[in-house]
Amino acid sequence: MADAMLSPERNGIRYGLFTSVGMIAYFLLASLIGWADRIEYSFLNGVVLAIGVCMAIAHYKRVRHDRMPYLHGFGTGIITAAVASLVFGLFLIAYMVINPNFVEQLRAQDLFGFDLSVTIAFLAVLLQGVMSGVIISLIAMQYFKSPDHKPLEQLD
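Using this note's numbering, read the sequence shown as starting at 181 and increasing by one per residue.
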């Protein structure tokens with residue numbers, strides 16, 4: 181019965197935390213394999229983010245008996261992406277503090293000559309995740325939207 185009172189915010193936070201665990205697990209696996217210092221493999225975090233956003237929207241729609249206002253689903257996806265990106269960014273800060281060699285490996289591959297500090301890396305992860313989440317949510321809502329686009333109060 182707790183799901184009957186589920187809000188887009190609460191659902192987004194829950195699935196954002198789940199998604200961040202998936203992103204952290206992929207990062208740790210990538211660092212074990214030796215992919216963590218290769219920027220091109222970070223796109224797979226976007227795949228994990230897309231899966232988390234889609235699962236959050238699908239769960240919210242299922243709880244609402246397959247009727248969901250468009251902006252509720254869109255908001256759920258954005259909140260999921262923001263929470264996941266924030267938690268993953270905080271994890272990266274901790275990882276960079278523990279393993280400063282990781283920052284040096286990334287700095288050596290920076291093609292534009294910018295100094296990659298921990299703060300800039302955190303902001304880049306946050307910005308990339310939130311922007312990707314908005315786009316993913318917009319695309320996912322084309323699939324998950326209710327066909328009649330009516331608010332829940334008018335459907336009864």
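Even glycine gets a Cβ: it sits at the ideal position worked out from N, Cα and C.
By the neighbour-count criterion, in which a residue is buried when 16 or more other Cβ atoms sit within 10 angstroms of its Cβ, H252 is buried. Boundaries for M185: no alpha helix (DSSP H) harbours it, and the DSSP string shows neither H nor E there. I258 counts as buried, since no fewer than 16 other beta carbons sit within 10 angstroms of its beta carbon.
For T299, the number of other beta carbons within 10 angstroms of its own is below 16, and it is reported as exposed. Residues of the same chain with a CB within less than 7 Å of the CB of I204, apart from the 5 flanking positions on each side, are F268 and F271 in chain order. Taking all protein chains shown into account, A274 has fewer than 16 neighbouring C-beta atoms within 10 Å of its C-beta and is therefore exposed. Three or more pairs of CB atoms, one per stretch, sit closer than 8 Å, so the region 219-230 contacts the region 308-318. At the C-beta level, T199 and A262 stay beyond 8 Å of one another. Rounded to whole angstroms, the separation of the alpha carbons of A236 and E189 is 11 Å. P249 sits in coil when the DSSP states are folded into three classes, being neither helix nor strand. By the Cβ neighbour-count rule, N225 is buried, with 16 or more other Cβ atoms within 10 Å of its own.
For V233, the number of other beta carbons within 10 angstroms of its own is at least 16, and it is reported as buried. For R218, the three-state secondary structure derived from DSSP is coil. When DSSP states are grouped into helix, strand and coil, R244 belongs to the coil group.
Less than 8 Å separates the beta-carbon of T260 from that of G192.
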